[in-house]
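K.L.:
Under the numbering used here, residues 64 to 387 are what the sequence shown spells out, in order. Provided herewith is a single structure, encoded as C-alpha cells, for subsequent inquiry.
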Amino acid sequence: MQPETTPLLAVDNLEVHFPIRAGVFKRQVGSVKAVDGVSFTLGRGETLSLVGESGCGKSTTGLALMGLVKPTGGRVRFDDREITDFNASALKDYRRRMQIVFQDPFSSLNPRQKVKDIIRAPLDIHNVGTSMEREAEVASLMKRVGLRPDQADNYPHQFSGGQRQRIGIARALALRPDIIVCDEPVSALDVSVQAQILNLLADLQNDLGISYLSVSHDLGVVEHISHRVAVMYLGKIVEIASKKTIFSVPRHPYTELLMESAPSLDPRARHTFSASNDDIPSATNKPSGCAFHTRCPLASEICRTHEPELIPRDDGQLVACHHR
C-alpha cells in the first residue's frame, strides 16, 4: 500500500532533554539532549524507519510520540489535531489510535498473566464491547497473528520468542490503531523468525492500512519494510528520503558511512568511505556547528561553526549538509 500525500502524523522540532543533577540539592548542571529538534511526517499506510547508531535518539522519539516520555519542546499533530498538550483523558483516547510493539517480547509481557488477559487488557481498559465480544476478539486476534486460540490460557514463558512477539502485535492491534510504533521489533529474534514477523507486519499493513514508525539499526530490516527512511545522528535527523534513494544514492556523509558499515555478501566489496574519527561525541556536550563534523571526512570550517539545516534538494531528498 502506498502512502497518501496528507500526513497522518506531523512532528515539528520535537525535543526530549533529560536533566543531569548533581550536588546535595540535586541542582541541574546540564542535560542529555536525546532528541534535539526532530521533524518528520508519516502518511496513512506508510512505513517510516528511523535509523542510526545506538544512542542517537530513535527509541526516545517513539516513546515521546506515545506519551511514555514527556517532550521538552516541539509540536506533534495527529490526524490534524494538536496532541502535544493533551491532558490524561485526551491522551487515553489518542492512545487508542497509536500503539507500540516493544523490542524485547518477553519483558514487555506480564509473566503472571495468561495470553488471553494480555491481549484483552486494552479492550478492558477502554471498555470496548461486552465480555463475550472481547473474548471473541481475542480469539480473532490470535488467529490473525498466527497463534492458535487454544493457546489463550498459556503463559508467556510457554511460547518461543517469535510467538511472544506475535502476542505483543496482537495486543497492539486490539484497539485497531492507525499507527504502530515498532521499536526494534525483530532485533531479539532468530534470523529465521525475523522474516516471519516482518512479513506478518507487512500483511497487516496491506489488510488494515496501518502506518508504522519503525525504529531499527538493522539496515536489512529497514530495506525490507520501509517506504521512507529518516537517518538520525546525536538527536537530529540528517537525511530523509525514499528507501530506494537512501540505499542507492545516500547524500549525507553519515548516511554513506552507515551504508558502508552494513555487511555485504560480495567478497570483493571494499569500503570506499570511512570516518575520520570513530569516537562518538557525548549527547551532553555536542560539538558546535554540524554535530558530525568531528567524524566527517568532508568537514570544513563552516561545518565547525554553522549547523546545517535539513532542506530539500531538487529530487525531494532532505539533507542537512553543507557539502552535499
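In this text, a Cβ means the ideal position worked out from N, Cα and C, and glycines have one as well.
#1: Using CA coordinates, which residue listed in ALA383, ARG367 and VAL278 is at the minimum distance from GLY118?
#2: What is the rounded straight-line gap between the Cα of PRO82 and the Cα of SER203?
#3: Among all the DSSP beta bridges, which residues are the ones paired with HIS315?
#4: Just the Cα atoms here: how many angstroms apart are LEU126 and ASP377?
#5: When the Cα atoms are used, what is the spatial distance from ASN190 to ASP156?
#6: In the DSSP output, which residue or residues are listed as bridge partners for MET161?
#7: State the CB to CB distance for the pair LEU111 and LEU276, rounded to an integer number of angstroms; the pair is presumed to be in contact (CB under 8 Å).
#8: Using CA atoms only, rank isn't needed, just tell me which of ARG227, ASP266 and PRO360 is closest to SER171.
#9: On the DSSP letters alone, give me the boundaries of the alpha helix (DSSP H) that LYS89 sits inside.
#10: At 3 residues or longer, and completely inside the segment 80-150: list those beta strand (DSSP E) runs for me, N to C.
#11: Using only CA atoms, which one of PRO212, ILE300, ILE309 and THR308 lies nearest to ALA383?
#12: Under 8 Å Cβ to Cβ from ILE365, same chain only, skipping five residues before and after it: list those, please.
#13: So is PHE355 buried or exposed if we call it buried at 16+ other beta carbons inside 10 Å?
#14: Near MET295, what residues of its chain come up, given a Cβ to Cβ distance below 8 Å and the 5 sequence neighbours on each side ignored?
#15: Starting from GLU302 and walking both ways along the beta strand (DSSP E), at which residues does that stretch end?
#16: When you compare the CB positions of VAL312 and CYS245, do they come within less than 7 Å of one another, or not?
#17: Straight-line CA distance for GLU67 to GLN268?
#18: What residue does the alpha helix (DSSP H) around SER203 start on, and which one ends it?
#19: What is the rounded straight-line gap between the Cα of PRO134 and the Cα of THR104?
#20: Hey, could you find the ends of the beta strand (DSSP E) SER274 is sitting in?
#21: Consult DSSP for ARG175 and reduce its assignment to one of helix, strand or coil.
#22: According to DSSP, simplified to helix, strand and coil, what is VAL285?
#23: If you compare alpha carbons, which of ALA346, VAL178 and LYS96 is closest to ASN217?
#24: Taking 8 Å as the cut-off, does the segment 237-257 touch the segment 81-97 (at least 3 CB pairs, one atom from each stretch)?
#25: Just to confirm, are LYS426 and SER289 a CB contact at a threshold of 7 Å?
#26: In three-state DSSP terms, what is LEU72?
#27: Counting C-beta neighbours from all protein chains within 10 Å, is the total for THR347 16 or more, i.e. buried, or is it exposed?
#28: Bridge partners of TYR296, per DSSP?
#29: Report the option in HIS80, SER345, LEU361 and VAL74 whose CA atom is closest to the CA atom of GLU145.
#30: How long is the line joining the alpha carbons of ILE230 and VAL201, rounded to whole angstroms?
P.N.:
The answer reads as follows:
#1: Looking up residue 118 in the sequence shown gives position 55. Nearest option by C-alpha distance: VAL278.
#2: Position 19 of the sequence shown, counting from 1, holds the residue named residue 82. Position 140 of the sequence shown, counting from 1, holds the residue named residue 203. So the two alpha carbons sit approximately 45 Å from each other.
#3: Your numbering for residue 315 matches position 252 in the sequence shown. Answer by DSSP bridge pairing: none, since HIS315 is not bridged.
#4: Position 63 of the sequence shown, counted from the start, is the residue given in the question as residue 126. Position 314 of the sequence shown, counted from the start, is the residue given in the question as residue 377. LEU126 and ASP377: Cα-Cα distance of roughly 33 Å.
#5: By 1-based counting over the sequence shown, the position of residue 190 is 127. By 1-based counting over the sequence shown, the position of residue 156 is 93. Straight-line Cα distance between these residues: approximately 12 Å.
#6: As a first step, residue 161 is located in the sequence shown; it is residue number 98 there, counting from the start. Per DSSP, ILE242.
#7: As a first step, residue 111 must be located in the sequence shown, where it is residue number 48. As a first step, residue 276 must be located in the sequence shown, where it is residue number 213. 6 Å between Cβ atoms; contact.
#8: If you number the sequence shown from 1, residue 171 lands on position 108. Checking every option, the nearest Cα to that of SER171 belongs to ARG227.
#9: Here the question's residue 89 lines up with position 26 in the sequence shown. Premise fails: LYS89 is in no alpha helix (DSSP H) and is neither H nor E.
#10: 90-106, 110-114 and 136-141
#11: Start at 1 with the first residue of the sequence shown, and residue 383 comes out as number 320. With distances taken between Cα atoms, ALA383 lies closest to ILE300.
#12: Translated into the one-based positions of the sequence shown, residue 365 becomes position 302. For ILE365, where only same-chain residues beyond five positions count, the Cβ hits under 8 Å are GLY352 and HIS385.
#13: As a first step, residue 355 must be located in the sequence shown, where it is residue number 292. So PHE355 counts as buried.
#14: Mapped onto the sequence shown, residue 295 falls at position 232. Closer than 8 Å at Cβ, skipping near neighbours: VAL101, LEU113, VAL114, GLY115, CYS119, GLY120, LYS121, THR124 and VAL301.
#15: The residue given as residue 302 occupies position 239 in the sequence shown. Looking at the DSSP string, the run of the beta strand (DSSP E) that includes GLU302 is 299-305.
#16: Here residue 312 refers to the residue found at position 249 of the sequence shown. Here residue 245 refers to the residue found at position 182 of the sequence shown. Not in contact: VAL312 and CYS245 (Cβ atoms no closer than 7 Å).
#17: Within the sequence shown, the letter at position 4 stands for residue 67. Within the sequence shown, the letter at position 205 stands for residue 268. Per-residue confidence for GLU67 stands at a pLDDT of 47, beneath the threshold of 50, marking its modelled position as unreliable; the derived number appears in the next sentence. So the alpha carbons of these two residues sit roughly 14 Å apart.
#18: Your numbering for residue 203 matches position 140 in the sequence shown. That run of the alpha helix (DSSP H) goes 194-207.
#19: Stepping through the sequence shown from its first residue, residue 134 is reached at position 71. Stepping through the sequence shown from its first residue, residue 104 is reached at position 41. So the alpha carbons of these two residues sit roughly 17 Å apart.
#20: Looking up residue 274 in the sequence shown gives position 211. Residues 274-278.
#21: Here the question's residue 175 lines up with position 112 in the sequence shown. ARG175: coil per DSSP, three-state reduction.
#22: Taking the sequence shown and counting its residues from 1, the one referred to as residue 285 is at position 222. Helix at VAL285.
#23: Here the question's residue 217 lines up with position 154 in the sequence shown. Nearest option by C-alpha distance: VAL178.
#24: no
#25: This structure gives no information on residue 426, because the portion of the chain shown stretches from 64 to 387.
#26: As a first step, residue 72 must be located in the sequence shown, where it is residue number 9. Correct three-state label for LEU72: strand.
#27: Walking along the sequence shown from the start, residue 347 turns up at place 284. It is exposed - the Cβ of THR347 has fewer than 16 other Cβ atoms within 10 Å.
#28: The sequence position of residue 296 within the sequence shown is 233, counting from 1. The partner list for TYR296 (beta bridge, DSSP) reads LYS299.
#29: Counted from its first residue, the sequence shown places residue 145 at position 82. Ranking the options by Cα distance to GLU145, first place goes to VAL74.
#30: Here residue 230 refers to the residue found at position 167 of the sequence shown. Here residue 201 refers to the residue found at position 138 of the sequence shown. So the two alpha carbons sit approximately 10 Å from each other.
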